[in-house]
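The numbering of the sequence shown is our numbering, which starts it at -11 and goes up by one. We treat Cβ as the ideally placed atom computed from N, Cα and C, and that holds for glycine. Given the structure is predicted, the values throughout are model-derived calculations rather than measurements. In what follows, a single structure is set out as structure tokens and then discussed.
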Amino acid sequence: MEPLAPGMRRIGAILRRLPGASIANTTPEQLAKRSGAKTPELAASILMGKAPKSVTLEDRTAAGVPVRIYPEWTATPGQATLGTQEATLLPLLESREHLDCFWVAPGGGSGMGLSTSISLAASDELASLVSQLTAAGFGCTEQSGGTRCAVDRSDEYALWGETHFIGGGLWIATFYVDFAPDGYTDDIVRTLVPA
């Protein structure tokens, strides 16, 4: 297997620009004021991952999401989720060398955060990856000389989904739960896949 592309080492610099402000010792009232949530109860429910389905992703991410990049617990193999949970793609991702980035709770899995996995993708794999994503219900569009596929899902407790970019010799897979910063995948693609 080929070594990781040099540009993949720059991903940490991109990801470190995203917000990760601590909310330790923050009251629901302070959280509501800081996040713009309509009530302290709504702010607290967002924080605890128990917000009603009607709460938007923007409300959730504005609530001061308590995430950090690479908390210590993610160094233990198998503790953090990879960039896809799609049944047909997860074994493929696990079988190859990949660079992972985790924006998750500092104390351990909390049901809120995101993970990105980046691996090399041979040109003959691109059509197969896009086909599998389309079959799984992802919407796919052309972007930056590659293909971006995304799906968003929700239930009464959480919003989650995945975004995949396949192009420039890379497969960039991101899985999120209640934390999806605007422009996240776009920034990674702009940095790693030159125009």
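Review point. What is the DSSP secondary structure of ASP166, reduced to helix, strand or coil?
Key: Position 178 of the sequence shown, counting from 1, holds the residue named residue 166. Note: ASP166 maps to coil in three-state DSSP.
Practice item. Measure from the alpha carbon of THR122 to the alpha carbon of each residue in TRP91, GLU150, LEU158, then state which is nearest. Key: Position 134 of the sequence shown holds residue 122. For the residues TRP91, GLU150, LEU158, the minimum Cα distance to THR122 belongs to GLU150.
Point to revise | When LEU102, THR162, ALA115 are compared against VAL55, the one with the closest alpha-carbon | key: Taking the first residue of the sequence shown as position 1, residue 55 is located at position 67. Out of LEU102, THR162, ALA115, LEU102 has the C-alpha closest to the C-alpha of VAL55.
Point to revise | Among ILE57, THR69, THR64, THR62, nearest to VAL165 - alpha-carbon criterion | key: On the sequence shown, residue 165 is found 177 positions in, with the first residue counted as 1. If we check each option's Cα against that of VAL165, THR69 comes out closest.
Check your understanding: Taking the alpha-carbon positions, what's the SER83 to LEU117 distance?
Key -> Residue numbering aside, residue 83 sits at position 95 when the sequence shown is read from its first letter. Residue numbering aside, residue 117 sits at position 129 when the sequence shown is read from its first letter. Looking at the two C-alpha atoms, the distance is approximately 14 angstroms.
**Study point:** Per-residue DSSP class, three states only, for VAL139
**Key:** Your numbering for residue 139 matches position 151 in the sequence shown. The answer is strand: DSSP assigns VAL139 an E or B state.
Practice item. Could you tell me which of ASP143, ILE154, GLN120, PHE163 sits nearest to ARG178, measuring between CA atoms? Key: Here residue 178 is taken as the residue at index 190 of the sequence shown, counted from 1. Out of ASP143, ILE154, GLN120, PHE163, the CA that lies nearest to the CA of ARG178 is found in ILE154.
**Study point:** Inter-residue Cα distance where the pair is ILE160 and SER107
**Key:** Within the sequence shown, numbered from 1, the residue matching residue 160 stands at position 172. Within the sequence shown, numbered from 1, the residue matching residue 107 stands at position 119. Rounded to the nearest angstrom, the two C-alpha atoms are 7 angstroms apart.
Check your understanding: Does the Cβ-Cβ distance between VAL181 and GLY156 come in under 7 angstroms?
Key -> Your numbering for residue 181 matches position 193 in the sequence shown. Your numbering for residue 156 matches position 168 in the sequence shown. In this structure, VAL181 lies near GLY156, with their beta-carbon atoms less than 7 angstroms apart.
Exercise for review: For the region 57 to 66 and the region 85 to 99, state whether three or more C-beta atom pairs, one from each stretch, are separated by less than 8 angstroms.
Suggested key: These segments touch.
**Study point:** ASP88 - containing beta strand (DSSP E), residue span
**Key:** For the purposes of this step, residue 88 is taken as residue 100 along the sequence shown, with counting starting at 1. That run of the beta strand (DSSP E) goes 87 to 92.
Check your understanding: What do you reckon, are the CB atoms on GLN120 and THR173 nearer than 7 angstroms?
Key -> For this step, residue 120 is matched to residue 132 along the sequence shown. For this step, residue 173 is matched to residue 185 along the sequence shown. Not a contact, by the Cβ cut-off of 7 angstroms.
Point to revise | Inside the region 97 to 133 only - alpha helix (DSSP H) runs reaching at least 4 residues | key: 114 to 123
Point to revise | Where THR151 sits in the DSSP three-state scheme | key: Here the question's residue 151 lines up with position 163 in the sequence shown. Here THR151 sits in strand by DSSP.
Check your understanding: So who's on the other strand from ARG56, going by DSSP bridges?
Key -> Counting from one through the sequence shown, the residue named residue 56 turns up at place 68. Bridge partners of ARG56: VAL92.
Check your understanding: Just how far apart, CA to CA, sit ASN13 and PHE167?
Key -> Here the question's residue 13 lines up with position 25 in the sequence shown. Here the question's residue 167 lines up with position 179 in the sequence shown. Per-residue confidence for ASN13 stands at a pLDDT of 39, beneath the threshold of 50, marking its modelled position as unreliable; the derived number appears in the next sentence. Looking at the two C-alpha atoms, the distance is approximately 21 angstroms.
Check your understanding: So, are the CB atoms of GLY127 and THR104 less than 7 angstroms apart?
Key -> Taking the sequence shown and counting its residues from 1, one reaches residue 127 at position 139. Taking the sequence shown and counting its residues from 1, one reaches residue 104 at position 116. No, the Cβ-Cβ distance between GLY127 and THR104 is not below 7 angstroms.
Practice item. Compare the C-alpha of GLN73 against each of GLY171, PHE163, ASP170, PRO169 and name the closest. Key: The sequence position of residue 73 within the sequence shown is 85, counting from 1. The option with the nearest alpha carbon to GLN73 is PHE163.
Review point. If you count every other CB in all the chains shown that lies within 10 Å of the CB of ALA109, and 16 or more means buried, which is it?
Key: The sequence position of residue 109 within the sequence shown is 121, counting from 1. Buried, by the Cβ-count rule.
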